[in-house]
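Q: Residue numbers (my numbering), protein chains in the order written: chain A, 842 to 1137; chain B, 147 to 304. For glycine and all other residues, C-beta sits at the position ideal for the given N, C-alpha and C. Since we're looking at a predicted model, the values are computed, not measured.
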Amino acid sequence: MDTIFTRGPSLNIRLTLALVLSVTLIFVDHKLDGFKSTRVYLNSLMSPLQYIANLPGLLLSESAQRLTSQEQLLAENQKLNNQLLLMSEKLQQFDVISKENAQLRELLQAPVRETSRKMVAELMAVDKNPYSQQVVINKGAIDGVYLSQPVLDDKGVVGQVMEVGSTNSRVLLIADVTHAIPVRSLRNDIRFIATGSGALNELFLEHVPHSVDIQEGDTLISSGLGNVFPEGYPVAKVTQVVRDESRPFARVIVKPLANLDRLRHLLLLWQNKPDEDESEPEVDDVIDNEEKASDA
Amino acid sequence: MRKRNLVIWLSILVALVLQIVPLPSQVDVYRPDWVLVVLAYWSMALPHRVNVGVAFLTGVAMDVLVGTTLGIHSLGLSLSVYILAANYQRLRNYSVWQQAIIIGLMSSLYHLMTFWVQHLLTDIYFQVDYLWPVLTSMVLWPWVFWLLRRTRRQFSIS
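1) Which one or two residues does DSSP pair with A1021 of chain A in a beta bridge?
2) Which residues in chain A have a C-beta closer than 9 angstroms to the C-beta of L216 of chain B? List them in chain order.
3) Near A207 of chain B, what residues of its chain come up, given a Cβ to Cβ distance below 8 angstroms and the 5 sequence neighbours on each side ignored?
4) Since L1110 of chain A and L993 of chain A are thought to touch, with beta carbons under 8 angstroms apart, how far apart are those beta carbons, to the nearest angstrom?
5) Can you tell me the Cα-Cα spacing of Q924 of chain A and W243 of chain B, whole angstroms?
6) Please confirm if the segment 186 to 194 of chain B is in contact with the segment 234 to 242 of chain B, defined as three or more CB-CB distances below 8 angstroms between the two stretches.
7) Could you tell me the alpha carbon to alpha carbon distance between F800 of chain A and V864 of chain A, rounded to whole angstroms?
8) If you drop the 5 nearest sequence neighbours on each side, which residues of the same chain put their C-beta closer than 6 angstroms to that of T260 of chain B?
9) What span of residues does the alpha helix (DSSP H) with V196 of chain B cover, start to end?
10) Determine, for P168 of chain B, whether the minimum Cβ-Cβ distance to residues of chain D falls below 9 angstroms.
11) Please classify V998 of chain A as buried or exposed, where buried requires at least 16 neighbouring CB atoms within 10 angstroms.
12) To which residues of the same chain is I283 of chain B closer than 7 angstroms at the C-beta, ignoring the five residues directly before and after it?
13) Is I270 of chain B close to chain A, meaning its C-beta is less than 9 angstroms from at least one C-beta of that chain?
14) What is the C-beta distance between G985 of chain A and A1016 of chain A, in whole angstroms, given that I count them as a contact (C-beta under 8 angstroms)?
15) Can you tell me which of B:V200, B:W155, B:P168, B:Y176 puts its alpha carbon nearest to the alpha carbon of P279 of chain B?
16) Answer with buried or exposed for F1033 of chain A, where buried requires no fewer than 16 other C-beta atoms within 10 angstroms of its C-beta.
17) Can you tell me whether DSSP reads S885 of chain A as helix, strand or coil?
18) So what does DSSP say about K1096 of chain A, is it helix, strand or coil?
19) With distance defined between alpha-carbon atoms, name the residue in B:L156, B:V210, B:A231, B:K149 nearest to T879 of chain A.
20) Which residues in chain B sit within 7 angstroms of V1018 of chain A, going by Cβ to Cβ distance?
21) Should E1057 of chain A be labelled buried (16 or more other beta-carbon atoms within 10 Å of its own) or exposed?
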């Protein structure tokens, strides 16, 4: 049925339309952030494809689990038992210390830190866009996941939720070039901002003066400023400090503590925010973007 | 009629799934542009059915799946498919190997387009690794061509 009447608009018109639409989409999505709510529906619409794409890997890992030998399981069991013993010993101390800490804070009339709700999510290692560092996890709006929710693994901060679907959501890793996280040094409480480099094992510290006391091996923890990440979770370790006086700032390279390249189980945190409104994370985002822009 | 359209959309869906199937990171760099290759076949074989519109929609789907800013992949795909659909009569007469070179050109155009747009939006740097899919897509083309032509004849889609 290829008659001249069924063809519709000519190819050139179609191209112009498509290009104009694409550019509008890019502009509205990137500059105006206009698809926040639409993206949830689009993600939910597309999630069956992601589940299908994830199927081969799932089957493979499942059959691998079934085929593990008894010795391996016993060895693993032994290892986990040892770990459990060590952890519970630490936990005994921790209980006492945290109670003591709460009492001291009460004496100082500082607000007592509340424990927040947590949930374990599994990685649906789905996409690999070479230009950005993101992962998809198997928890979504149904489980209460919200935008810019902090995500951790067993070693440290992993990133924040950037898109929420109904049953899965996308996490922006701290190593992404568009991501920045406020941190402070565990040793001397100096504040920094760690931005991603695009490579999974590197972050940079922005605007570090040459005179600042920072050394290789320093641990950086999240400072809790910006209200996205809760305070006190380990983020990265300083691997290299280059104090080249011909440059305005020292070049500090840090390595994320979380194993960003071998994530499997992730921890979602719900923060108890009694006196802050919902719009806070957005403001933080804007600040981050502006900083990136002034860098470029 | 319905069933034939279904086959085209099904092939595009399969290509989308193949595009996002998780692979080990050593192999992942070489992942061919499944979606582009499949769209290229249909736009050369049936340029009145599959052209810029379908490419645009597929591109938006891809943006959602890969998590890029909406419109980036749709821009690259519609432009590449436009070039193919506009020259389909000439391209059909080429041998499969010559077509593979054209596919390589389209693939590099597509990758450079998506890189440039994302370079404008965020400060990413170019790595030569980003262009590996061009080679693998060229290698993939004869096989996809053969497979899709068989499918097309099987279901007599025209």
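A: Concretely, from the data shown:
1) Against the first sequence, residue 1021 of chain A aligns to sequence position 180. Per DSSP, A:T1036.
2) Locating residue 216 of chain B in the second sequence gives position 70, counting from the first residue. The answer, in chain order, is S863, L866, I867, V869, D870, H871, F876, T879, R880, L883.
3) In the second sequence, the residue the question calls residue 207 of chain B occupies position 61. Same-chain partners within the cutoff: L162.
4) Here residue 1110 of chain A refers to the residue found at position 269 when the first sequence is read from its first residue. Here residue 993 of chain A refers to the residue found at position 152 when the first sequence is read from its first residue. With 8 angstroms as the limit, L1110 of chain A and L993 of chain A qualify as a contact, their Cβ atoms being about 7 angstroms apart.
5) The residue you call residue 924 of chain A lines up with position 83 of the first sequence. The residue you call residue 243 of chain B lines up with position 97 of the second sequence. Distance between the alpha carbons of Q924 of chain A and W243 of chain B: 59 angstroms.
6) yes
7) Because chain A is modelled from 842 through 1137, residue 800 of chain A falls outside the range shown and cannot be assessed.
8) Within the second sequence, the letter at position 114 stands for residue 260 of chain B. Result list for T260 of chain B: I218, G222, in chain order.
9) Numbered from its first residue, the second sequence carries residue 196 of chain B at position 50. Looking at the DSSP string, V196 of chain B is not in any alpha helix (DSSP H), and its letter there is neither H nor E.
10) The chain inventory of the structure shown lacks chain D, comprising the protein chains A and B.
11) Translated into positions along the first sequence, residue 998 of chain A becomes position 157. V998 of chain A is buried by the Cβ-count criterion.
12) The residue you call residue 283 of chain B lines up with position 137 of the second sequence. Sequence check: residue 283 of chain B is Ser here, not Ile. Cβ neighbours of S283 of chain B beyond the five flanking positions: P178, D179, L182, V183, I249, G250, S253.
13) Translated into positions along the second sequence, residue 270 of chain B becomes position 124. At least one chain A Cβ lies under 9 angstroms of I270 of chain B.
14) Here residue 985 of chain A refers to the residue found at position 144 when the first sequence is read from its first residue. Here residue 1016 of chain A refers to the residue found at position 175 when the first sequence is read from its first residue. At roughly 26 angstroms, the Cβ-Cβ gap does not stay under 8 angstroms, so G985 of chain A and A1016 of chain A are not in contact.
15) Position 133 of the second sequence holds residue 279 of chain B. Cα-wise, what sits closest to P279 of chain B is B:Y176.
16) Indexing the first sequence from 1 puts residue 1033 of chain A at position 192. Buried, by the Cβ-count rule.
17) As a working mapping, residue 885 of chain A is identified with position 44 in the first sequence. The answer is helix: DSSP assigns S885 of chain A an H, G or I state.
18) Here residue 1096 of chain A corresponds to residue number 255 of the first sequence, with the count starting at 1. K1096 of chain A: strand per DSSP, three-state reduction.
19) The residue labelled residue 879 of chain A in the question sits at position 38 within the first sequence. Comparing Cα-Cα distances from T879 of chain A to each of B:L156, B:V210, B:A231, B:K149, the minimum goes to B:V210.
20) In the first sequence, counting from the first residue as 1, residue 1018 of chain A sits at position 177. Residues of chain B passing the Cβ test: T268, D269, I270.
21) Working through the first sequence from its first residue, we reach residue 1057 of chain A at position 216. Counting Cβ neighbours within 10 Å, E1057 of chain A comes out exposed, since fewer than 16 surround it.
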